[in-house]
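The structure appears right after this line, and notes come after that.
In the numbering used here, the protein residues as written are 914 to 1171.
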């Protein structure tokens, strides 16, 4: 242990450093918190408008039925079904990541997998909790039967598709994510066209998949020390929480910083 005099002499310097660090951390946390609430407010506003358009949107989709529409919708349904596409996307993504970026690519791909999983599962929990009836059940857009499977709000296919797009957007540079966003939007339209979901179901699923998928991918990239991620660069992440190793004279541990 350090002598008491040395500790007292170093205390002012340590306190000053901690104070500067706290100011920087507080500003970063406040900025991240502000962005989070803006995102949630925007999502709530768009979802509210979509609720008002649920019935009209269903009527419009019903009037557009045709062979070409059915074929295009089938593509969207298949893409949003994780049982059909997850093995191919995961395998292809991992192979491409290793080829282009080696071990760092593996960490990026792992971060993306975590983001997609988190985005999809968050929507599944929302869907099961609310238990909204699907359009084809003919119970109206405001019928809810909480805690049941195969409910409507939000759209699982859409959440999964947008979580993929968000994860790809987080771990790549350039326009790699653009086609994924386009296909995700097509998946949402297919769910409305096929009378599988209300418009607001698709909006909610898309928002959950996008928002959770992006933040979860970013967090996982920090944990896995992917260069450029907030936690990997020793910055305070948008969530305002950071886990750091702590080395003491008589032991080691972890420090959780808010």
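Heads up, the beta-carbon is just placed ideally off N, CA and C, and yes, glycines get one too.
These numbers were taken from a predicted model, which means no experiment stands behind them.
Problem set entry | Entirely enclosed alpha helix (DSSP H) segments - the region 1065–1121, minimum 4 residues | 1069–1084 and 1091–1106
Problem set entry | Given residue 975 as reference, the closest of 1109, 1134 and 1094 once Cα atoms are compared | 1109
Exercise. Which runs of the alpha helix (DSSP H) spanning at least 4 residues fall entirely within the region 967–1026, listed in chain order?
Worked result: 967–975 and 980–992
Exercise. In chain order, what residues of the same chain lie with their CB nearer than 8 Å to the CB of residue 1059, ignoring the 5 residues before and after it?
Worked result: 1042, 1043 and 1044
Exercise. What's the call for residue 1114, buried or exposed, on a 16-neighbour Cβ count within 10 Å?
Worked result: buried
Exercise. Among 1137, 980, 1128 and 1136, which has the Cα closest to the Cα of residue 946?
Worked result: 1128
Exercise. Is residue 1028 near residue 1125, with beta carbons less than 9 Å apart?
Worked result: yes
Problem set entry | Where residue 1030 falls: helix, strand or coil (DSSP) | helix
Problem set entry | Three-state secondary structure (DSSP) of residue 1045 | strand
Exercise. Looking at residue 989 and residue 1036, is the spacing between their C-beta atoms short of 9 Å?
Worked result: no
Exercise. Taking contact to mean at least 3 C-beta pairs separated by less than 8 Å, is the region 1078–1094 in contact with the region 955–974?
Worked result: no
Problem set entry | Secondary structure of residue 964, DSSP reduced to three states | helix
Exercise. Is the closest heavy atom of the ligand ATP to the C-beta of residue 947 under 8 Å?
Worked result: Ligands displayed in this structure: none; no statement on the ligand ATP is therefore possible.
Exercise. In whole angstroms, what separates the C-alpha of residue 1052 from that of residue 1008?
Worked result: 46 Å
Problem set entry | Coil, strand or helix - residue 1132 by DSSP | helix
Problem set entry | Distance, residue 1093 Cα to residue 1081 Cα | 8 Å
Exercise. What does a CB cutoff of less than 7 Å around residue 1022 pick up in its chain, not counting 5 residues either side in sequence?
Worked result: 1006, 1007 and 1010
Problem set entry | Alpha-carbon to alpha-carbon, residue 999 and residue 1073 | 10 Å
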